[in-house]
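Chemist: Would you mind keeping the following structure in view while I ask a few things?
Spelled out as structure tokens, the structure:
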């Protein structure tokens, strides 16, 4: 199926709206101390899709991040890649063939390949996975998931990971609309809050590295309020300062801050890559929440993304359904109010290259599970 695979310069990664598959993201990871590799692969179109007999070849690529697990071993992590999404019946076999082709290209001490798949979940397409009110019921137990993805594979070697790394559920906004149409699709409360923020004098500014402390103070308040892990400020300095402008897949990063009379109320990182704007990180002050600054911030971010030529906006992470008991329910309620379409990804899947060491790794992983963004 995979006719050919070869390594390539990271700077030659194809332009894509998936920022985690760009040369920019590789630069971010390099500044964080991680090595990355890029590969081209070639396969027949008819091997990707079931509804065609096209015998021409498709050429795609992917970014692989190498992550050390100890002094002697590493894993190969593919964030939201590969981008090309085969027909469901061919997905497992495609990943199997891709993995076996990559085996000889990766370090000999690499124990597995972990694909953080951005492909749509198989169970998001099934009518019987929704209740009478249209709420998604989620995925079945791991054994059922693995049976479905391993369909047509030779070795039955794809395993659902213990946890997803990048968000597997998001909301996409279609930006191919004018302001009135976008506002008209929003829930009435969201539209009201955007207008309320404007009436209260909330203004949005784009700030640079010199203002990173403003972001971090808001981020610290958010972490304390919601009891999540506080990342070091240097992680955000890298996100804002990384540059890949001399590559085929650069990205533009904006630190947007919502203020009233020069008092910061909310902030976010907007990343623009190809046709997509992505809301990567967000934070808000604990006080003065009645100004609805977060609503004004998201609305302006969408407008900026559209001005930059984007046709879609990725909210980057919500609860899978409207479940008040889910830790990300608040994000679901906030983001869904903007009228976008929820999208369920397949999430993380492992292809062991050394089965014995893989079993040991995943048993240790259970002891250290936590939600994080990579």
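Numbering (my numbering), first residue to last: 9 to 382. Glycine included, every Cβ here is placed at the ideal spot set by N, Cα and C. Predicted model only: the values in this text are computed from it and were never measured.
#1: Thinking just about the alpha-carbon of each residue, which of 363, 9, 194 and 262 is nearest to the one in residue 217?
#2: Please report whether the beta-carbon of residue 239 lies at a distance below 9 Å from any beta-carbon of chain C.
#3: Looking at the strands, I want to know which residues DSSP matches up with residue 357.
#4: Under a Cβ-count criterion, where at least 16 other Cβ atoms within 10 Å of its own Cβ denotes burial, should residue 145 be classed as buried or exposed?
#5: So, residue 293 versus residue 229, is the Cβ gap smaller than 9 Å?
#6: What first and last residue would you give for the beta strand (DSSP E) that runs through residue 179?
#7: Tell me whether residue 25 sits in a helix, a strand or coil according to DSSP, three-state version.
#8: Check whether the segment 51–68 and the segment 314–328 touch, using three or more Cβ-Cβ pairs below 8 Å as the test.
#9: Could you spell out the range, first to last residue, of the alpha helix (DSSP H) harbouring residue 225?
#10: Have a look at residue 82 and residue 74 and give me their C-alpha separation to the nearest angstrom.
#11: Which residues does DSSP list as the beta-bridge partners of residue 9?
#12: Identify the continuous alpha helix (DSSP H) that holds residue 55 and give its terminal residues.
#13: Assign residue 186 to one of three DSSP states: helix, strand, or coil.
#14: Checking 9 Å against the spacing of the C-beta atoms, do residue 56 and residue 28 come in under that value?
#15: Please return the same chain residues whose Cβ sits closer than 6 Å to the Cβ of residue 94, not counting the five positions on each side in sequence.
#16: Spatial neighbours of residue 166 within its chain, please: CB distance less than 8 Å, with the 5 preceding and 5 following residues excluded, ordered by chain position.
#17: Provide the residue(s) that pair with residue 48 in DSSP beta bridges, ordered along the chain.
#18: If you draw a straight line from the C-alpha of residue 121 to the C-alpha of residue 53, how long is it?
#19: Taking DSSP as the reference, what is the three-state secondary structure of residue 60?
#20: How long is the line joining the alpha carbons of residue 67 and residue 46, rounded to whole angstroms?
#21: Given residue 21, which residues of its chain have a CB within under 8 Å of its CB, disregarding the five upstream and five downstream residues?
#22: Helix, strand or coil: which one does DSSP assign to residue 88?
#23: Would you identify the three-state DSSP class for residue 102, choosing helix, strand or coil?
#24: Determine whether the beta carbon atoms of residue 301 and residue 278 lie at a separation below 9 Å.
#25: Take residue 124 and list the residues in its own chain whose beta-carbon comes closer than 6 Å to its own, dropping the five residues that flank it on each side.
#26: To the nearest angstrom, how far is the alpha carbon of residue 181 from that of residue 79?
#27: Measuring alpha carbon to alpha carbon, tell me which residue in 321, 111 and 227 is nearest residue 280.
#28: Three-state secondary structure (DSSP) at residue 378?
#29: Identify every residue that forms a DSSP beta bridge with residue 211.
#30: Between which two residues does the alpha helix (DSSP H) holding residue 338 run?
#31: Taking the straight line between their C-alpha atoms, what separation do you get for residue 19 and residue 297?
#32: Roughly how many angstroms lie between the CA atoms of residue 90 and residue 311, to the nearest whole one?
#33: Per DSSP, what are the beta-bridge partners of residue 280 in this structure?
#34: Which partner residues does residue 272 have in the DSSP bridge list?
#35: For the alpha helix (DSSP H) that residue 2 lies in, which residues bound it at each end?
Modeler: According to the structure shown:
#1: 262
#2: The chain labelled as chain C is not found in the depicted structure, where only one protein chain is given.
#3: 123 and 168
#4: exposed
#5: yes
#6: 177–182
#7: coil
#8: no
#9: 220–234
#10: 6 Å
#11: Paired residue(s): none; residue 9 is not in a bridge.
#12: 53–56
#13: coil
#14: no
#15: 56 and 102
#16: 100, 103, 104, 154, 157, 158, 357, 358 and 359
#17: 14 and 69
#18: 24 Å
#19: coil
#20: 13 Å
#21: 29, 30, 31, 34, 46, 69, 71, 255, 256 and 257
#22: coil
#23: helix
#24: no
#25: 87, 88, 173, 174 and 356
#26: 43 Å
#27: 321
#28: Reliability of the predicted coordinates at residue 378 is poor, the pLDDT of 44 falling under 50, and the value obtained from them is presented with this limitation in mind. It is coil, neither helix nor strand.
#29: 267
#30: 337–344
#31: 42 Å
#32: 29 Å
#33: 260 and 285
#34: 267
#35: Outside the shown range of the chain (9 to 382) lies residue 2, about which nothing can therefore be said.
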